[in-house]
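Here is the structure we will look at.
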Amino acid sequence: MYSALYSDMARTNTLPIRLTDLELAKLKAEAERQDISMSEVIRAWINVLPEPDGKRR
Numbered sequence: 000m001y002s003a004l005y006s007d008m009a010r011t012n013t014l015p016i017r018l019t020d021l022e023l024a025k026l027k028a029e030a031e032r033q034d035i036s037m038s039e040v041i042r043a044w045i046n047v048l049p050e051p052d053g054k055r056r
């Protein structure tokens, strides 16, 4: 199931996420502080997440 979901995300290049109002405010503030888009902040965060096998990207 993971590989099918991962393949679908790779094709669409979208990842739906849910944020609380506080998380959204923090995300917006960080994006404004760095003068980048919120998508770039999220991508940077995703890149530091470990792979399912425990290795880093």
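One point on numbering: in numbering that gives the first Met the number 0, the residue at position 46 of the sequence shown is 45, and numbering is uninterrupted. Don't be surprised by glycine CBs; every beta carbon is placed ideally from N, CA and C. Note that the structure is predicted; figures quoted are calculated from it, not measured.
Bounds of the alpha helix (DSSP H) holding Ser38 are 37 to 46.
Sequence-distant partners of Leu26 (beyond 5 residues in either direction) whose C-beta falls short of 8 Å from its own C-beta, in its chain, are Leu18, Met37, Val40, Ile41. Judged by DSSP in its simplified three-state form, Arg32 adopts helix.
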